[in-house]
Amino acid sequence: MQCKNCEHEWTVRYSTLMKKIPDCPKCKVHRSREKNPFISEQDRKKLRADNYYEKILRKSNHTIVAINYTGSKDDVDAICVNCGYKWTTRADHLVDRCWCPKCKKEKTSASI
Numbered sequence: 009m010q011c012k013n014c015e016h017e018w019t020v021r022y023s024t025l026m027k028k029i030p031d032c033p034k035c036k037v038h039r040s041r042e043k044n045p046f047i048s049e050q051d052r053k054k055l056r057a058d059n060y061y062e063k064i065l066r067k068s069n070h071t072i073v074a075i076n077y078t079g080s081k082d083d084v085d086a087i088c089v090n091c092g093y094k095w096t097t098r099a100d101h102l103v104d105r106c107w108c109p110k111c112k113k114e115k116t117s118a119s120i
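Take the position in the sequence shown, starting the count at 1, then add 8; the result is the number in the working numbering.
Following this line, the structure appears as C-alpha cells:
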C-alpha cells in the first residue's frame, strides 16, 4: 500500500484489507502525538505502566500485582496476593501466563 499523504509504502495482509482500509503507520504515529502534544515522554511511560498494571490485575482476577514495569520486553516484578510469592519475569510473558507459579504448582500437585 502507499499513503496518499506522505507516500510511505508498507505491506498489508489481505485479511486486513477485507476488514478495513488500513491507516498509514507513519501518519498514525504523527496523529497520535498531535492529539496529546503536551504529554511528556515521562508521562507517556507512566500511562503505559498504569495500563499494564490494570491489565495484569484484570487478567489475574486481582491475584497478581505487577511492579517496576518499564517495557514489554523488560523484566517486571510480580507478587501473588494469595500466597505472597514474589518472582521476576518478562512483562510480555506475565501477560500470557498471568498466574502465580507457586500456587499453580501446589494446585497441580494436589490434583495428582
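Ideal Cβ positions, reconstructed from N, Cα and C, are used throughout, including at glycine.
Cβ pair count under 8 angstroms reaching 3, the segment 64-82 against the segment 93-107: yes
With 16 other Cβ atoms within 10 Å as the buried cut-off, status of Val-20: exposed
Run of the beta strand (DSSP E) containing Arg-98, from where it starts to where it stops: 94-98
First through last residue of the beta strand (DSSP E) which encompasses Asp-58: Element bounds for Asp-58: not the beta strand (DSSP E) but the alpha helix (DSSP H), 49-67.
Selected residue, minimal CA-CA separation from Asn-90, among Gly-79, Lys-115, Glu-62, Leu-55: Lys-115
Cut-off 8 angstroms between Cβ atoms - residues of its own chain near Thr-24, not counting five sequence neighbours on either side: Pro-30
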